[in-house]
Each structure stands twice: as C-alpha cells, then as structure tokens.
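Residue numbers (my numbering), protein chains in the order written: chain A, 20 to 137; chain B, 20 to 137.
There are 2 protein chains.
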Amino acid sequence: MEKINIQEKFALFTERWSPRIIARVGDVHVKLGRIQGAFEWHSHEDEDEMFLVIEGRMTLRFRDRDVELGPGECLVVPRGVEHMPVADEETKIMMIEPAGTVNTGGNVSERTVEARWV
Amino acid sequence: MEKINIQEKFALFTERWSPRIIARVGDVHVKLGRIQGAFEWHSHEDEDEMFLVIEGRMTLRFRDRDVELGPGECLVVPRGVEHMPVADEETKIMMIEPAGTVNTGGNVSERTVEARWV
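So this is what it looks like as structure tokens:
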C-alpha cells in the first residue's frame with residue numbers, strides 16, 4: 020500500500036509501445052505507456068480500454084474517424100472496436116484495462132509484448 | 020465513444036464528497052471527486068479503491084499511518100482496509116473502483132451518496 024508517483028514511474032522505462040503496470044484495482048490494471056509513431060490496427064474482443072493522456076498528444080484512429088486527445092483528456096474504446104493509437108511526438112499515457120489485456124489485441128505480431136510491472 | 024475532458028467534467032459540479040462517474044471500463048467506474056475537510060472512517064469489504072490526485076493535496080489516513088498525495092500521485096486502498104480521506108484545501112481527485120462501490124463503504128451515514136454520471 021505504497022504511494023505511486025506517476026512521473027517517477029515513467030522515469031523507470033524508455034521503451035515505447037511497451038505498457039508498464041503500476042496498479043491493480045479489482046480486475047483491472049492501471050498501466051503507463053510511452054508512445055510515438057503509429058501502432059497497428061487491432062481490437063480487444065472482451066476488454067474495454069481507457070486511454071488518458073498525461074503529457075503530449077495522441078490520435079485514436081477508428082475505421083470511421085479520428086479522435087485527438089491532449090493532456091487530461093481520455094476516451095474508452097469499447098471491446099470489439101478496431102483502433103490504432105498514433106502520436107507525432109513522444110506522448111505519455113495512462114491506460115485502464117482488464118488484467119491480461121494484450122497490447123495488440125487479437126493479433127500476435129512483433130509488437131506484441133507482455134505488460135510488466137514497473 | 021466520446022472524448023472526455025477531465026477539467027470540463029469538474030466544471031459541471033461543485034459538491035464535495037459526491038463522486039461523479041465519467042467512464043466505465045469493464046467492471047470498474049472511473050470517478051471524479053472534489054474533496055475538502057475530513058471524510059469519515061470506512062472500508063469497502065469487497066472493493067479496491069484507487070485515489071489519484073489531479074489538483075491539490077490529500078492525506079489518506081490509515082489506522083497506523085498517514086500517506087500524503089500530491090498531483091500525479093496515487094495509491095490503491097485494498098478491500099477491507101479502513102481509511103479516511105482528508106484535504107486541507109479543495110482538492111480534485113480521480114477514483115478507480117468497481118462499479119457499485121459506495122462512498123462510505125460499509126457505513127450508511129448522512130454522507131452516503133449514490134455516484135451519478137456527469
């Protein structure tokens with residue numbers, strides 16, 4: 020039951036597109052991620068996924084539109100909805116999603132990583 | 020699937036100790052709260068509860084110690100652990116907790132409120 024400082028946690032890793040778990044609340048994990056560039060199209064069959072921008076800007080691309088998020092803005096991608104996160108500059112985000120959610124959803128690719136605790 | 024701006028949501032309510040739901044992710048709710056003064060001792064039998072300070076400072080009092088949280092700091096209170104949130108100045112917080120979590124936990128008091136969406 021220790022205090023977690025988000026920026027101190029970000030300072031512990033530099034890899035992009037490699038989410039780190041900072042907390043578990045019931046069945047969900049709270050994760051931090053550094054992102055830059057374009058990820059890949061994917062969806063999570065059974066998991067909702069919330070993105071919150073801590074620093075920077077990101078675009079969540081959907082098949083029918085794009086949504087841009089700045090600091091303090093968030094969006095929940097419902098299960099089953101295809102999306103592709105994109106960021107021009109390095110952006111720090113928080114994600115809330117069920118424990119076990121895979122970063123590339125139903126795809127297994129060279130970008131698939133297992134989330135580790137930080 | 021709309022973007023949520025946290026500060027815009029805070030601008031929609033002024034009541035303290037009356038959490039507002041901004042999102043659902045799987046089985047958890049993401050809530051915003053304005054707090055000032057001391058709440059009451061309580062615990063949640065079955066629910067973990069994460070507190071994240073957005074603006075201001077808060078103290079989470081436990082029976083054996085206090086933990087102070089500033090902006091960008093968070094802590095998960097595990098189910099069953101008695102706690103009392105306190106804030107000297109008005110403080111804006113985000114909470115992540117299972118849907119249905121009652122603000123006063125196992126107590127029903129004049130401070131018990133049902134969380135509404137904002």
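Cβ atoms here follow ideal geometry from the backbone N, Cα and C, with glycine treated the same way.
Rounded C-alpha distance that separates residue i from residue j
i: R135/A; j: I40/A; result: 6 Å
i: E92/A; j: N24/B; result: 4 Å
i: E21/A; j: R98/A; result: 31 Å
i: V137/B; j: E109/A; result: 31 Å
i: D85/B; j: L51/A; result: 26 Å
i: A38/B; j: T123/B; result: Reading off the sequence shown, one finds Pro at residue 38/B, where the question assumed Ala. Taking the straight line joining both Cα atoms gives about 11 Å.
i: E87/B; j: L94/B; result: 10 Å
i: V121/A; j: H63/A; result: 8 Å
i: E27/B; j: D107/A; result: 25 Å
i: E133/A; j: V127/B; result: 42 Å
Classification of residue i by the beta-carbon crowding that lies within 10 angstroms, buried from 16 upward
i: A30/A; result: exposed
i: T33/A; result: exposed
i: M113/A; result: buried
i: T131/B; result: exposed
i: M77/A; result: buried
Proximity winner among the options, relative to residue i (alpha-carbon distances)
i: E74/A; options: V47/A, V132/A and Q55/A; result: Q55/A
i: F81/A; options: G91/A, G89/A, L71/A and E59/A; result: E59/A
i: H102/A; options: K28/A, D83/A, M20/A and G52/A; result: D83/A
i: M69/A; options: V86/B, E133/B, V49/B and S37/B; result: V49/B
Three-state class that DSSP yields for residue i in the structure shown
i: F29/A; result: helix
i: D83/A; result: coil
i: D107/B; result: strand
i: A138/B; result: As displayed, chain B neither begins before 20 nor continues past 137, which places residue 138/B out of reach and without an answer.
i: K50/B; result: strand
i: F70/B; result: strand
i: N126/B; result: coil
i: A57/B; result: strand
i: E92/A; result: strand
i: T78/B; result: strand
Within 8 Å, strictly: CB atoms of residue i and residue j
i: V47/B; j: V44/A; result: yes
i: D67/B; j: E116/B; result: yes
i: A42/B; j: V105/B; result: no
i: H61/A; j: G119/A; result: no
i: L79/A; j: V96/A; result: yes
i: K111/A; j: R53/A; result: yes
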